[in-house]
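Participant:
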Amino acid sequence: MFSSKALQSQSKLRDERLGRLKDFLHTKQGQVINVEDVVFTTLFNTLSSIIFARDFLDLSDEHGTRDGLKESLRKIIEYGGITKDFGSFFPMFERFDLQGIRKGTMRQYKKTFAHWEDIIEERRARIGSSTWSSEQAQSFVDRMLENGFSNDQINQLVTELFVAGTNTTTTSVVWAMTELVRHKEVMSKIVEEIGREIKSDTITDSELSQLPYLQACIKEAMRLHPPVPLLLPHMAAETCEVMNYTIPKNSKIFVNLWAMGRDPKVWDDPLSFKPERFIGSKVDFKGQDFELLPFGSGRRMCPGMPSGVKSVQLILASLIREFDLVLPDDVDPLKLDMNDKFGIALKMETPLKLLFKQKEESRMLTKPSSLKNLPPGPPRLPIIGNLHQVGDRPHVSTAKFAKEYGPLISLRLGKQVLVVASSPEAAMEILKTQDRFLSSRVVPTAFQQTSLIPHSVIWSECNQTWKNLRTLCRTEMFSSKALQSQSKLRDERLGRLKDFLHTKQGQVINVEDVVFTTLFNTLSSIIFARDFLDLSDEHGTRDGLKESLRKIIEYGGITKDFGSFFPMFERFDLQGIRKGTMRQYKKTFAHWEDIIEERRARIGSSTWSSEQAQSFVDRMLENGFSNDQINQLVTELFVAGTNTTTTSVVWAMTELVRHKEVMSKIVEEIGREIKSDTITDSELSQLPYLQACIKEAMRLHPPVPLLLPHMAAETCEVMNYTIPKNSKIFVNLWAMGRDPKVWDDPLSFKPERFIGSKVDFKGQDFDLLPFGSGRRMCPGMPSGVKSVQLILASLIREFDLVLPDDVDPLKLDMNDKFGIALKMETPLKLLFKQKEESRSVRLGRTKGREKLEVLIMLKAQFIGIYKTVKL
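Here the sequence shown is numbered in the numbering used here, starting from 32 and rising by one per residue.
Okay, here's the thing in structure tokens:
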């Protein structure tokens, strides 16, 4: 928790929570803020993200009444700080707990523990699985569980960390801020020092050493207002002598830091706030200078001192840099109530309340020096930047900008920097050369459910857990062995689709609906060993699952997301995106909750063996996955594995319907190469022209036109331009696929360009990247490609694809609609007319089945006669 290495690894978590505090204060311009409340919440969430890898409190819940956790912790602190404890003065009455202190504390402990019980159990199950390795540990709780800690041990240690790590640090920030508000000349010196020494957008841990005057102010505040004024009480284990006096065994011992800090024998002018006394002085609070001991000394010294000091410095420096701290109602600073209230920590009797007014110079931080060498881009407006120029089809608008400003451009969307690569060279720089800096994710608002992100294979950071999830998916879902074992399931669902289309002769079919249902059931049979959707339920309204998934996809593809452009409003979810997505998530999860529980019980039984595993869910349960982990991963597999593949099939089919000569060549190739009744996976390699058509369709209509957004984890350089930390990054595949510098006659559908070409979409040819490249490349590529090939080949072989009402194929609406996947704006609708030659094949299959049924019946009769004779 507190080593230099640990503090360094926690810096991103501290920065994120401090960023949220600043964004919150920006939204509260002109409103009076209780400083203790917002600082406590920020510190608590920072600590909970380190301990549990999640936040618990909400800055907008001022009094902490929403779920009671803040209130429970406050009461524990209050009970611990009671000075008139009758039982401790008269031990004979202690066991009766006459004041109800123990009973009250225990009640609050239980309420507190309940907030993280489920998290501990979920982590314990995961760590107990056979595939767990120490590199997967995400939090301090993981480390405790690895070391065999019991729930009681974890609860006690975690609660102590929360109480000690938030209460005293909050108190230190509040007292320091109070003194700075009272002494304007001191505040001015800090502001000047920060402006002179800090040039980056955000103050980092490493820059704090450049602020000696701020550090002096914090020492001076702790001298006058030590957070624990008497230190925690010591006790004499044995009778001993101190300064020629006898200290009896079991004596209670206080060290009065408050008195020492105000002693004129130790300090010159001790009641005045004079930070200058520490400039050039070697006196520090590391436990060696006994004039200043806010963290104690010796073996009982606070181990969290490095973390506490860093937090106080970072919060003060960041808020002073960004805001003017103003007392409400023109209160005279020198008339502030400086009385304190004794407890575990020495709080202000009258809470400090301030207005946080954004500094004019902090407004200019939207144009920091690090942004001077950004890639070129169009002029931007104040506040909104280029938002008005992006529109509903960002792949098209950014492609136009690329023609004018070059293959690497930058735009400003509110406060967010967006970098777009639109050439193979720029794509290679981002996805390969600078992959280690640019492979983080910008999580869309729809998917920012903090408890689910760590379980995501798409949105989580590239850590060991993410690697393990990808490895599991590749091995169990997308490897050659897995795909081969799934072939029967694919064939069965494709057979049902063909049978359904045969029953719909002469009826107009929405291609997207039936392909989506087929792919979904194929995937659900692999994941759960059962189907969920029905081909006859065209709109998916029967049980709502299809509709819920569609809404999740829609929420995820919203381009005008106000919260992501202006982070200060993000937490309020003004458009209801997070709330709406979470509602659909819950509806979706409900469809398979019972299946998971039934499988979990079966796998937990004594008779279970790994050979009995029937589905991907069985494998996840064997590996100790929690319900949250399963729900998140399964939903991502369904969304990614059906939406983009469906889109690819629809666009390819549309282009083939528009180009009859291309369709004729595919029909001829299939007739020449395929002799079996049903096209199998192994026969797809015999259809190179079909494969070329699919590549050509993906070139013109990449299913994810900008790829999923990347984020710069660190500032880096691409093509001699600076990409600032936290920039959002798109790779515009749509623009690259239509670039005449890359492709000859790029707007024409010409599959022949891929015949004899080695260009493939496996992530090594940066001209064609429908599945991405690098560490964030789609792991489901082998499965997706196979499904597209199989569906197209099978349907083209069996049916003539005919536009209804004699529509001219060349007048089809080819406009697209931007989202997670690039769909057709006007859905493709076709008549599927059975080919004459497929009719005879189908008739042969029917007669074959009839003969088989007769043989089975004769065999049964023969066995019956034989048994009768024998008897």
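Just so you know, even glycine gets a beta-carbon here, dropped at the ideal spot from N, CA and C.
Treat the numbers as computed from the prediction; the structure is a model and nothing was measured.
Please work out which residues of its chain come closer than 6 Å, Cβ to Cβ, to A458, disregarding the five sequence neighbours upstream and downstream, and give them in chain order.
Facilitator: So the qualifying residues of the chain are A452, V762 and F797.
Participant: Can you tell me whether R703 is buried or exposed, with buried defined as 16 or more other CB within 10 angstroms of its CB?
Facilitator: Answer is exposed; the Cβ neighbour count stays below 16.
Participant: Let me know if A37 comes out buried or exposed under the rule of 16 or more other beta-carbons within 10 Å of its beta-carbon.
Facilitator: The residue is exposed, with fewer than 16 neighbouring Cβ atoms inside 10 Å.
Participant: Going by beta carbon distance, what residues of the same chain come within less than 8 Å of G135, once the five residues before and after it are set aside?
Facilitator: Hits under 8 Å: K106 and Y110.
Participant: By alpha-carbon positions, which one of N182, R411 and G850 ends up nearest to V733?
Facilitator: Looking at the sequence itself, residue 733 is Pro, so the reference to Val does not match. Cα-wise, what sits closest to P733 is G850.
Participant: Indicate the three-state DSSP secondary structure (helix, strand or coil) for H741 in the structure shown.
Facilitator: Strand at H741.
Participant: Using beta-carbon positions only, say whether N674 and I584 come within less than 8 Å of one another.
Facilitator: It is a contact, given that the beta carbons lie within the stated cut-off.
Participant: In or out: S695 buried (at least 16 other Cβ within 10 Å) or exposed?
Facilitator: With fewer than 16 other Cβ atoms within 10 Å, it is exposed.
Participant: Check for me: the alpha helix (DSSP H) holding I903 runs from which residue to which?
Facilitator: Residue 903 cannot be examined here, being either before or after the span of the chain that is shown, 32 to 902.
Participant: So, is E624 buried or exposed, given that buried needs 16 or more other C-beta atoms within 10 angstroms?
Facilitator: E624 comes out exposed.
Participant: When DSSP labels each residue in this structure, what does L49 get in the three-state scheme?
Facilitator: Here L49 sits in helix by DSSP.
Participant: Do three or more CB pairs link the region 810-824 to the region 508-528 at distances below 8 Å?
Facilitator: Counting Cβ pairs under 8 Å, three or more are found: they touch.
Participant: Identify, in the order they occur along the chain, each residue of the same chain with its Cβ nearer than 7 Å to the Cβ of E224, setting aside the five sequence neighbours on each side.
Facilitator: The answer, listed in chain order, is L242, Y244 and L245.
Participant: Which residues mark the beginning and the end of the beta strand (DSSP E) in which E748 is found?
Facilitator: Residues C747 to V749.
Participant: D355 by DSSP, collapsed to three states: which one?
Facilitator: Strand, per DSSP.
Participant: Is the CB-CB distance between P810 and C333 below 8 Å?
Facilitator: Going by C-beta atoms, P810 is not nearer than 8 Å to C333.
Participant: Sorted by chain position, which residues of the same chain lie with C-beta nearer than 6 Å to S518's C-beta, five sequence neighbours on each side aside?
Facilitator: Closer than 6 Å at the Cβ level, and outside the excluded window around S518, lie D712.
Participant: With which residues is V819 paired in a DSSP beta bridge?
Facilitator: In the DSSP output, where bridge partners are listed per residue, V819 has none listed.
Participant: If C747 sits next to L469, beta carbons under 8 Å apart, how far is it from one beta carbon to the other, in whole angstroms?
Facilitator: Contact flag correct, Cβ pair sits at about 7 Å.
Participant: Please classify M684 as buried or exposed, where buried requires at least 16 neighbouring CB atoms within 10 angstroms.
Facilitator: That one is buried.
Participant: What residue does the beta strand (DSSP E) around C724 start on, and which one ends it?
Facilitator: Counting along the chain, C724 falls outside any beta strand (DSSP E), though it belongs to the alpha helix (DSSP H) covering P719 to L731.
Participant: Among residues of its own chain, excluding the 5 on either side of I229, which ones have a beta-carbon nearer than 6 Å to its beta-carbon?
Facilitator: Closer than 6 Å at Cβ, skipping near neighbours: E238.
Participant: Please give me, in chain order, every unbroken run of the beta strand (DSSP E) with length at least 3 that falls completely inside the region 755-823.
Facilitator: Counting whole runs of 3 or more residues, the region 755-823 contains the beta strand (DSSP E) stretches 759-762.
Participant: Within this structure, are the beta carbons of T201 and F71 separated by less than 8 Å?
Facilitator: Against a cut-off of 8 Å, the Cβ pair of F71 and T201 comes out as a contact.
Participant: Would you report the Cα separation of R467 and K53, rounded to the nearest angstrom?
Facilitator: Roughly 29 Å separates the two Cα atoms.
Participant: Counting Cβ pairs, one atom from each stretch, are 3 or more of them under 8 Å apart for the region 152-159 and the region 650-657?
Facilitator: Touching, yes, given that three or more Cβ pairs across the two stretches are closer than 8 Å.
Participant: Helix or strand or just coil, what does DSSP make of N552?
Facilitator: In this structure, N552 counts as helix in the three-state DSSP scheme.
Participant: According to DSSP, is K215 helix, strand or coil?
Facilitator: Three-state DSSP puts K215 in a helix.
Participant: Which residue spans inside the region 632-677 form an unbroken beta strand (DSSP E) run of at least 3?
Facilitator: Within the region 632-677, no complete beta strand (DSSP E) run reaches 3 residues.
Participant: Between T666 and Y616, which are expected to be in contact by the criterion C-beta below 8 Å, what is the C-beta distance as a whole number of angstroms?
Facilitator: Confirmed, about 7 Å.
Participant: Is L104 near S80, with beta carbons less than 8 Å apart?
Facilitator: It is not a contact, given that the beta carbons lie outside the stated cut-off.
Participant: To the nearest angstrom, report how far apart R85 and N76 are at their CA atoms.
Facilitator: R85 and N76: Cα-Cα distance of roughly 8 Å.
Participant: Taking C-beta to C-beta, are D649 and E153 nearer than 8 Å?
Facilitator: Result no, Cβ atoms of D649 and E153 do not sit closer than 8 Å.
Participant: For V450, does the three-state DSSP call read helix, strand or coil?
Facilitator: Looking at V450 - three-state DSSP - the assignment turns out to be strand.
Participant: Taking the alpha helix (DSSP H) that I108 belongs to, which residues open and close that run?
Facilitator: L100 to G111 is the span of the alpha helix (DSSP H), which, as asked, contains I108.
Participant: Quick check on this structure: which residue in G635, S636, N662 and H426 has the alpha carbon closest to the alpha carbon of V488?
Facilitator: Residue N662 is the option with its Cα nearest to V488.
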